[in-house]
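Sequences listed follow chains A and B, in order.
Each residue of the first sequence is one higher than the last, beginning at 14 in my numbering.
Each residue of the second sequence is one higher than the last, beginning at 14 in my numbering.
Glycine included, every Cβ here is placed at the ideal spot set by N, Cα and C.
2 protein chains.
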Amino acid sequence: MASIKDVAAEAGLSVATVSRVLNGHPSVSEDARRRVTAAVERLGYRPNAVARSLRTDRTRTLGLVISDVMNPYFTELARAVEEEARALGYSVIIGNADERPDLQDHHVTTLLDRRIDGLLVSPTDGGSPGMLGAARAGTPMVFVDRWIPGVDVPVVRSDGRGAVRDLVAHLYGLGHRRLAIIAGPAATTTGRERVDAFREALGAYGLPLPEAYIGQGDFQAGSGRLVTEGFLDLAEPPEAVFAADNLMALGALDAIRARGMRVPDDIALAAFDDIPWFVHTDPPVTAIAQPTGELGRAAVRALVDRIGGRTGASVTLPARLVVRRSCGEPAAQEPPSPARRSTP
Amino acid sequence: MASIKDVAAEAGLSVATVSRVLNGHPSVSEDARRRVTAAVERLGYRPNAVARSLRTDRTRTLGLVISDVMNPYFTELARAVEEEARALGYSVIIGNADERPDLQDHHVTTLLDRRIDGLLVSPTDGGSPGMLGAARAGTPMVFVDRWIPGVDVPVVRSDGRGAVRDLVAHLYGLGHRRLAIIAGPAATTTGRERVDAFREALGAYGLPLPEAYIGQGDFQAGSGRLVTEGFLDLAEPPEAVFAADNLMALGALDAIRARGMRVPDDIALAAFDDIPWFVHTDPPVTAIAQPTGELGRAAVRALVDRIGGRTGASVTLPARLVVRRSCGEPAAQEPPSPARRSTP
DNA sequence: CCTCCTCGTGGAATCGATTACACGAGGGAT
DNA sequence: ATCCCTCGTGTAATCGATTCCACGAGGAGG
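Structure representation (structure tokens):
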């Protein structure tokens, strides 16, 4: 592959001049510029990004470590991140942690070894050594979706509190009183927060959240299935189940179907994170939608700010409830309402 | 960040010796090895992958350019690729082409600039200039899922012909005679092959595939919706629709639901590519499942073979039909069968 | 005792770029 | 005519590793 030396020889100029042309440096004659461009063209020359990075100490690359690529929420996030990064002249390398702290650490170290300019992380746990090290070492870093308390890094996330309140109101309005949640890992902020928000919203209606109605999941479909089976085995099973992410909702659907039960007649279901498939499941699933794309873009902007030496502020965007049929029929058509039954 | 020089100084040895220890070179004294290891530990030193790559001309990185990350099929492929690559000591950088040739070319050139050791591509089109250039320039390369005829590059893919025959047999057995297909872009091999296989299978039953029953899609949900609307507007709409990928099937479902029609009663639906959500859609969708993970792993192995100078053979794995309810009830319970109706 | 290997080590070249510094040519001001 | 700038260019140092080559010490063999 042709190097800058070959171009210099071909153009009859020094490598310094070639480099200047390549980088749009002002003090280059029009003649030299033309000769270099022609030589580049003839040789099909492309600058070696590796060599350039070594010299400039900048790779124009961002690292993104996400918890689980197979989760459509994170895929969408990754896509938005890559788009915004590309618009700002950066590439992104994605590392998939698969909800495993050891894999997360592997990716963080690999990315750091590659000397990426900045790191976007959605931490799987409370803070693996590699990640905390990176944060302390001053690597430009931004947390997205999840974060680690006590670490001084901007956080770009979405606040589901309001939407969870709306969800509980919706469930309450539909007559459900025994509400359960499939929680995410306690080591993650989103794992804890969603439970807290749910409990708080329940409290506003004077409803309890007994321990038996808090199932411990791991954000994967399998755990959603297991936890739901546990709920169904209870002497007094819940009337509604709220899954803290879309994959666990899929697992819950599996478990409910395996029992020959039906949603929402036998049990209501709602999920955190809205995805295109929820429109077409049987029944369509009521979900809390995050502004995923905007989250990804904001995170990249914050990170690039950090890289550029600016502060890079935290961002919190609201999530919103999207009502479908998995919790019961909307009030307008709700047949067993006493008020309506008496009117005709 | 500490460099090899710092380690050498700390250990009281030359950089050459440090490098030898780091790379497990045999002729190093036990004493030197210990001192270097200790110095590395003390300084928290990690070798700079950029510098190493410049010198050795190997990045231990693979590029993967896929057509669309948001498509669960490709996400699963990407995950398998990363896993196998990691097992073999490689990282992978994913480029998402979003079914756009220009984006595909952007990623190919960016990856080449980064001097990746090998390239895995699922081409979006008939061959963009950058990609063909890479192939000609001798970059180790393997096509996965889709390929470009006439280019001398190993192909790892799945053969759907048998499964498509099974599907047509299934549809025929259920009484469907007017069968339509939502095709992928003609520029892709999978776009063409699936139509060909479908037509061939239809022929075996003496069924035609009229032009009006071949809808031109682009592997995205939107096109599935549009094409299906067109089918539904026909004077004689098809009785069954076969979508050439899962996203177009999603779009088809959208369109059918928007008309207030039901699957499979009003129209049957089947898809190429099986995904977890198809179990829970309304109704569960009959699909052709590819051995996606195995495809990804085989592709990586072939590519690494190529990088190591070996041949790296093409691989073709069979797909299989997974019957669910979207084409009609299984024969055992099929109510409107004349044979059964006469018996009671 | 001398020669020849082997072994461990260090010096220095190298990969392909960027960039500080030096230098010569040419133009404007005095 | 002299001086000083500016402009365009080239030389060479540099980034952080790997690796060829040379060298000295020590052991084996003659």
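Check the Cβ-Cβ distances between Leu75(A) and every residue of chain B, and say whether any is below 8 Å.
Translated into positions along the first sequence, residue 75(A) becomes position 62. Judged by the 8 Å Cβ criterion, Leu75(A) is not in contact with chain B.
Determine the closest residue to Leu215(A) out of Arg178(A), Thr201(A), Val169(A), with distance taken between C-alpha atoms.
Counting from 1 along the first sequence, the entry for residue 215(A) is found at position 202. Nearest option by C-alpha distance: Arg178(A).
When you compare only the Cα positions, how much space is there between Pro167(B) and Ile106(B)?
Along the second sequence, read from residue 1 onward, the residue named residue 167(B) stands at position 154. Along the second sequence, read from residue 1 onward, the residue named residue 106(B) stands at position 93. Going by the C-alpha atoms only, they are around 20 Å apart.
Assigned secondary structure, Asp172(A) (DSSP; H/G/I helix, E/B strand, else coil):
Counted from its first residue, the first sequence places residue 172(A) at position 159. It is a strand residue.
For Ser313(A), which option in Leu77(A), Glu242(A), Ser66(A) has the closest C-alpha, if you only look at C-alpha atoms?
Your numbering for residue 313(A) matches position 300 in the first sequence. According to the sequence shown, residue 313(A) is Val rather than Ser. Taking Val313(A) as reference, the option from Leu77(A), Glu242(A), Ser66(A) with the minimal CA-CA separation is Leu77(A).
Residues near Val34(B) by beta carbon distance below 8 Å, same chain, minus five either side
If you number the second sequence from 1, residue 34(B) lands on position 21. Sequence-distant partners of Val34(B) (beyond 5 residues in either direction) whose C-beta falls short of 8 Å from its own C-beta, in its chain, are Val41, Ala45, Arg46, Val49, Thr50.
For Gly228(B), list the residues DSSP reports as bridge partners.
Translated into the one-based positions of the second sequence, residue 228(B) becomes position 215. Beta-bridge pairing links Gly228(B) to Ile195(B).
Between the alpha carbons of Ala257(A) and Val328(A), how many angstroms are there, rounded?
As a working note, residue 257(A) is residue 244 in the first sequence. As a working note, residue 328(A) is residue 315 in the first sequence. If I take the Cα positions, the gap works out to 21 Å.
Given 8 Å, three or more beta-carbon pairs between the region 136-148 of chain A and the region 106-120 of chain A:
Yes, since at least three Cβ pairs between the region 136-148 of chain A and the region 106-120 of chain A fall closer than 8 Å, the two stretches touch.
Compare the beta carbon distance of Arg67(A) and Ile129(A) with 8 Å and say whether it is the shorter of the two.
Position 54 of the first sequence, counted from the first residue, corresponds to residue 67(A). Position 116 of the first sequence, counted from the first residue, corresponds to residue 129(A). Looking at the sequence provided, one finds Leu at residue 67(A) rather than Arg. Going by C-beta atoms, Leu67(A) is not nearer than 8 Å to Ile129(A).
Taking 8 Å as the threshold (beta carbon to beta carbon), is Arg319(B) in contact with chain A?
Walking along the second sequence from the start, residue 319(B) turns up at place 306. For Arg319(B), the closest Cβ of chain A is not nearer than 8 Å.
For Thr123(A) and Gly102(B), what's the separation of their Cα atoms in angstroms?
Taking the first residue of the first sequence as 1, we reach residue 123(A) at position 110. Taking the first residue of the second sequence as 1, we reach residue 102(B) at position 89. If you draw a straight line from the Cα of Thr123(A) to the Cα of Gly102(B), it comes to about 11 Å.
Taking the beta strand (DSSP E) that Leu133(A) belongs to, which residues open and close that run?
Here residue 133(A) is taken as the residue at index 120 of the first sequence, counted from 1. That run of the beta strand (DSSP E) goes 131-134.
For Asp165(A), collect the residues of the same chain with a Cβ closer than 8 Å to its Cβ; drop the 5 residues on either side in sequence, then sort them by chain order.
Counting from one through the first sequence, the residue named residue 165(A) turns up at place 152. Closer than 8 Å at Cβ, skipping near neighbours: Ala148.
How big is the Cα-Cα spacing for Gly143(B) and Leu56(A)?
Numbered from 1 along the second sequence, position 130 holds the residue referred to as residue 143(B). Numbered from 1 along the first sequence, position 43 holds the residue referred to as residue 56(A). Their Cα atoms are separated by approximately 15 Å.
Which residues in the same chain have their Cβ closer than 6 Å to the Cβ of Ile320(A), if we skip the five residues on either side of it in sequence?
Taking the first residue of the first sequence as position 1, residue 320(A) is located at position 307. Counting only residues of its own chain and dropping the five nearest sequence neighbours on each side, Ile320(A) has a CB closer than 6 Å to the CB of Asp130, Gly131, Pro153.
Where does Leu282(A) fall in DSSP's three states?
As a first step, residue 282(A) must be located in the first sequence, where it is residue number 269. When secondary structure is reduced to three states using DSSP, Leu282(A) falls in the strand class.
Measure the Cβ-Cβ separation of Arg79(B) and Ala98(B) and say whether it is below 8 Å.
Working through the second sequence from its first residue, we reach residue 79(B) at position 66. Working through the second sequence from its first residue, we reach residue 98(B) at position 85. Here residue 79(B) turns out to be Ile, not Arg, going by the sequence shown. Ala98(B) sits away from Ile79(B), with the two beta carbons spaced by 8 Å or more.
Taking all protein chains shown into account, do 16 or more other C-beta atoms lie within 10 angstroms of the C-beta of Leu334(A), making it buried, or fewer, making it exposed?
Against the first sequence, residue 334(A) aligns to sequence position 321. Flag for Leu334(A) reads buried.
For Ser104(A), write down the residues that DSSP places opposite it in a beta bridge.
To locate residue 104(A), count along the first sequence from 1; it is residue 91. In the DSSP output, where bridge partners are listed per residue, Ser104(A) has Thr74(A).
Can a CB atom of chain B be found closer than 8 Å to the CB of Met154(A)?
Walking along the first sequence from the start, residue 154(A) turns up at place 141. Answer no: the Cβ-Cβ gap between Met154(A) and chain B never drops below 8 Å.
For chain B, find out if any of its Cβ atoms is closer than 8 Å to the Cβ of Ile280(A); answer yes or no.
As a first step, residue 280(A) is located in the first sequence; it is residue number 267 there, counting from the start. Not an interface residue.
Leu308(A) beta carbon less than 8 Å from that of Leu330(A):
If you number the first sequence from 1, residue 330(A) lands on position 317. If you number the first sequence from 1, residue 308(A) lands on position 295. With respect to Leu308(A), Leu330(A) sits close: the two C-beta atoms are nearer than 8 Å.
Indicate the three-state DSSP secondary structure (helix, strand or coil) for Ala302(B) in the structure shown.
If you number the second sequence from 1, residue 302(B) lands on position 289. It is a strand residue.
Of all the options Ala326(B), Ala265(B), Ser32(B), which has the alpha carbon lying nearest to the alpha carbon of Asp231(B)?
Within the second sequence, numbered from 1, the residue matching residue 231(B) stands at position 218. The shortest C-alpha separation from Asp231(B) is found at Ala265(B).
CB contact below 8 Å: Asp231(A) versus chain B
Sequence index remark: in the first sequence, residue 231(A) carries index 218 (1-based). Interface with chain B (8 Å Cβ-Cβ cutoff): Asp231(A) is excluded.
Closer than 8 Å by beta-carbon distance: list the chain B residues that pair up with Glu89(A), in chain order.
Residue numbering aside, residue 89(A) sits at position 76 when the first sequence is read from its first letter. By Cβ distance, chain B contributes Met83.
Does Asp126(B) get closer than 8 Å to chain A when you measure Cβ to Cβ?
What you label residue 126(B) is simply residue 113 of the second sequence in a count that begins at 1. With respect to chain A, the C-beta atom of Asp126(B) has a partner C-beta closer than 8 Å.
Chain B beta carbons: is any one of them nearer than 8 Å to that of Val313(A)?
Walking along the first sequence from the start, residue 313(A) turns up at place 300. No, Val313(A) lies away from the interface with chain B (no Cβ there is under 8 Å from its Cβ).
To the nearest angstrom, how far is the alpha carbon of Ala62(B) from that of Asp70(A)?
Translated into the one-based positions of the second sequence, residue 62(B) becomes position 49. Translated into the one-based positions of the first sequence, residue 70(A) becomes position 57. Near 12 Å, if we compare the C-alpha coordinates of Asp70(A) and Ala62(B).
Reduced DSSP category for Ser339(B) - H, G, I as helix; E, B as strand; rest coil
To locate residue 339(B), count along the second sequence from 1; it is residue 326. It is a strand residue.
Taking Cβ positions only, does His189(B) come closer than 8 Å to chain A?
One-based indexing of the second sequence puts residue 189(B) at position 176. No - not a single Cβ of chain A is within 8 Å of the one on His189(B).
Kindly indicate which residue of Ser236(B), Met274(B), Glu54(B) has the alpha-carbon position closest to the one of Gly197(B).
Position 184 of the second sequence, counted from the start, is the residue given in the question as residue 197(B). Checked all of Ser236(B), Met274(B), Glu54(B); the closest Cα to Gly197(B) is Ser236(B).
Buried or exposed by the 16-neighbour rule on C-beta atoms within 10 Å, applied to Val20(B):
The residue labelled residue 20(B) in the question sits at position 7 within the second sequence. By the Cβ-count criterion, Val20(B) is buried, with 16 or more other Cβ atoms from all chains shown falling within 10 Å of its own Cβ.
Straight-line Cα distance separating Trp290(A) from Ile6(B):
This structure leaves residue 6(B) out entirely; chain B is present only between 14 and 357.
Within the 8 Å Cβ cut-off, does Asp138(B) reach chain A?
Taking the second sequence and counting its residues from 1, the one referred to as residue 138(B) is at position 125. Taking 8 Å as the threshold, the shortest C-beta distance from Asp138(B) to chain A does not fall below it.
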